[in-house]
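Those sequence lines, one after another, are chains A and B. When the first sequence is numbered by the numbering used here, its final residue is 133 and no position is left out of the sequence of numbers. When the second sequence is numbered by the numbering used here, its final residue is 499 and no position is left out of the sequence of numbers. Comments concern the structure below.
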Amino acid sequence: MLTVIEIYQLLPKTNCKICGDSTCMAFAVSLLGRRKKLVECTPILEENFKKQKEKLDSLLLPSAGASETGMIVHPELCTGCGNCVVACPVDVANDPHGAGMGCAPTNDRVIFKVVEGKVIASNVQECRRFGKNKVLCYACIDPCPTGAIEFA
Amino acid sequence: MLTCTGCSLLCEDIEAIIEDNKIKGTKNACRRGAARIKGCANRLVPSIDQKPSDVESSIKKAAELLRNAKSPMIFGFDNSSCEAQVQGIQFAQKIHAVIDDTSSFCQGLLMEIILQKKLKTCSLDDIRNKADVLVYWGSDAQDSHPRHLSRFSYFPRGESRQRGYEEDRLAIAIDVRESNTAKICKKHFYRINPKGDREFILALMEALSGKAPVNDAKNMLELAGVLKKAQFGAIFVGIGLMYSIKNDFEILTKLANMLPKFSIMPMVGHYNMRGLNEALFKETGYVNRVKFDEKGVQDNKYALIEALKNKSIDALVVVGSDPVLSLPRSVLSHLSSIPVICIDPCQTFTSKISSVNIPCAATGVESAGSAVRMDGKVITLKKIIENNYRSDEDVIKQLMGAI
Ligand code: SF4
Ligand code: SF4
Ligand code: SF4
Ligand code: SF4
């Protein structure tokens, strides 16, 4: 998974504040959290940072397809086993007698569903990694043996 | 809702999206199941000597070939409804045939011992509700039965397992490679050498009886400790373990006797293999490779491979199975010298060498019936698409009538 340090290492590291953040490190955090775009750091657009910019673009790219919350599902890796559907605490809380018991979800408030043999995520705003009381939940990443779920 | 026939879990919670009397999509089925429900790309077409024909003529030709056969064999039915299986057994009785299926080279022996009640077993629902220690042995369920861990064993919450898998359950994998199932078991994965299951069982039995095994003592004692503490355990026996200990099966019963809290679950492959094993067992006392003749029932020592090797059969009816795919090359020459009649919804390797091909409906989509889940529960299969294909049960009935 992409880390703040990895992003920071590639930034100009001048703390010039043009981006609106007080330091390059703070800007790296903003980039990772998807609150800012790389182009807001105008110094990195200069020719001598070309290589670093390309690298940053490619690192930040996979998340371009990610939802607001940064969750990325790789459908080509997913076998539709449903482990994540049943293990996600939000799914258990919102559908205790369906998904929580290992059955097919019985309502639309769950995060994960298997459609056409592959998982799709919705209601991601409910994910415990986001919002006010966020926690670093691994309950969908851990049970997936193929690495089909990631957070950017 | 429809029942998936992709594996012997027979998931009953599948939604199908139907347009123009065709399946356009599925919900809740795993990738394997979704592909299965959509059906095969190449439907079998009726043919005689690989030349296109019609169903009636193909059945007539098949009847003629079987009338002339002295020792025919009927093989398959693992992918058929229970109703078709009963029909198949009657057919074998009528034409004095041997009936056999793929279980004779995988889970058959284990099934026999379970049906004889020599091993303790339980239902998958018991496992979901009560099990705290799960052992996948020689079985990569994530691949062979993709929803096994999510529907029944590790991930779901059950009556006395309310707190989720991290706290309430422990999953162990014993395998020769780090399979996807083993990846989920993480530090409870025990890697063994190829064919090392016997050795592993012996060491584990030592550890269970309190002795320190010679090899790998620390790991073994740790595993024995976990198993002893189980309140309700399950051992999922895969073909990896079956192949490895097939010459000394008693060792598994011995181990099971040392683990009174554990139930044994055969990880049955095809969706209704257990159905055929049970039907044959009820009728004859054997689970597979049964011979019917004037004198009644006999244990046919020869399963399909041996029968072909010894040239002891002179015609073969294959129903919903593709033996050519897995038979050793050495026996294929006899197979190509005898008439083969193939009854299947799809083209298979076997249908490509068959003398007569008779297409049938895909059970669970185009025809209804019932099937037996890996744990023995009878599950209903539904018909959701209306078309002209006859069920395999009807094809067998017609064939019997024509003889
Ligand atoms: S604009 Fe770029 S170089 Fe300046 S502080 Fe922000 S990230 Fe650092
Ligand atoms: S991180 Fe946790 S809450 Fe969020 S989707 Fe995954 S399992 Fe559910
Ligand atoms: S994302 Fe992973 S755990 Fe979820 S269904 Fe797909 S393969 Fe299974
Ligand atoms: S686990 Fe087996 S029965 Fe269930 S949906 Fe997948 S293939 Fe079908």
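Cβ coordinates follow ideal geometry from the N, Cα and C atoms, glycine included. Just so you know, these numbers come straight off a predicted model, no measurement behind them.
The beta strand (DSSP E) enclosing residue i, as first and last residue numbers
i: Q394/B; result: G392 to D395
i: M361/B; result: F358 to P362
i: Y232/B; result: V229 to W233
i: S466/B; result: G465 to V468
Which of helix, strand or coil DSSP assigns to residue i
i: L477/B; result: strand
i: F201/B; result: helix
i: R370/B; result: helix
i: G81/A; result: helix
i: L98/B; result: strand
i: A129/A; result: coil
i: M169/B; result: strand
i: I195/B; result: strand
i: P148/B; result: strand
i: G135/B; result: coil
i: L(-9)/A; result: helix
i: E302/B; result: helix
i: T459/B; result: strand
i: K118/B; result: strand
i: D221/B; result: helix
i: G98/A; result: coil
i: C107/B; result: coil
i: A269/B; result: strand
i: R412/B; result: It is worth fixing the name first, because residue 412/B is Leu in this sequence and not Arg. Strand at L412/B.
i: N75/A; result: helix
7 Å CB neighbourhood of residue i in its chain, flanking five on each side removed
i: L12/A; result: I(-12), L19 and L41
i: G51/A; result: R15, S44, F132 and A133
i: L206/B; result: V333, M338 and P362
i: P290/B; result: V272
i: P56/A; result: K99
i: R132/B; result: C100, T101 and G102
i: L117/A; result: R110
i: N276/B; result: D236, Q238 and D239
Other residues of its chain near residue i: CB distance less than 8 Å, five sequence neighbours each side excluded
i: V322/B; result: V229, L266, I268 and H284
i: F296/B; result: I270, Y286 and I288
i: P148/B; result: V141 and P142
i: R139/B; result: P441, C442, Q443 and P455
Expected contact under 8 Å - CB spacing of residue i and residue j to nearest Å
i: I191/B; j: I499/B; result: 6 Å
i: S153/B; j: I454/B; result: Actually they are not in contact, since the Cβ atoms of S153/B and I454/B sit about 10 Å apart, beyond 8 Å.
i: L98/B; j: R243/B; result: Rounded, the Cβ-Cβ distance is 15 Å, inconsistent with contact.
i: I449/B; j: S432/B; result: 6 Å
Opening and closing residue of the alpha helix (DSSP H) in which residue i lies
i: E152/B; result: V151 to R163
i: F187/B; result: C178 to K190
i: D488/B; result: D488 to A498
Close-in-space but distant-in-sequence residues of the same chain around residue i (CB under 6 Å, 5 per side omitted)
i: K479/B; result: S463 and A464
i: Q33/A; result: L(-9)
i: A303/B; result: P309, M316, L317 and A320
i: F388/B; result: A188, Q189 and H192
i: I409/B; result: S167, M169 and A403
i: S503/B; result: The question about residue 503/B has no answer here: the residues shown for chain B are numbered 97 through 499.
i: F358/B; result: G329 and I331
i: A227/B; result: F328 and A330
Discussion item. Report the start-end ranges of each beta strand (DSSP E) in the segment 3 to 65 of chain A that is 3 residues or longer and not cut off at the edges.
Written reply: 52 to 54
Fill in: Whole runs of the beta strand (DSSP E) within the segment 306 to 366 of chain B, excluding any shorter than 3 residues
329 to 333 and 358 to 362
Worksheet item: Whose CB is closer than 6 Å to a heavy atom of ligand 6? List the residues in chain order.
Response: Summarising the ligand content, the structure contains ligand 1, ligand 2, ligand 3 and ligand 4 and does not contain ligand 6.
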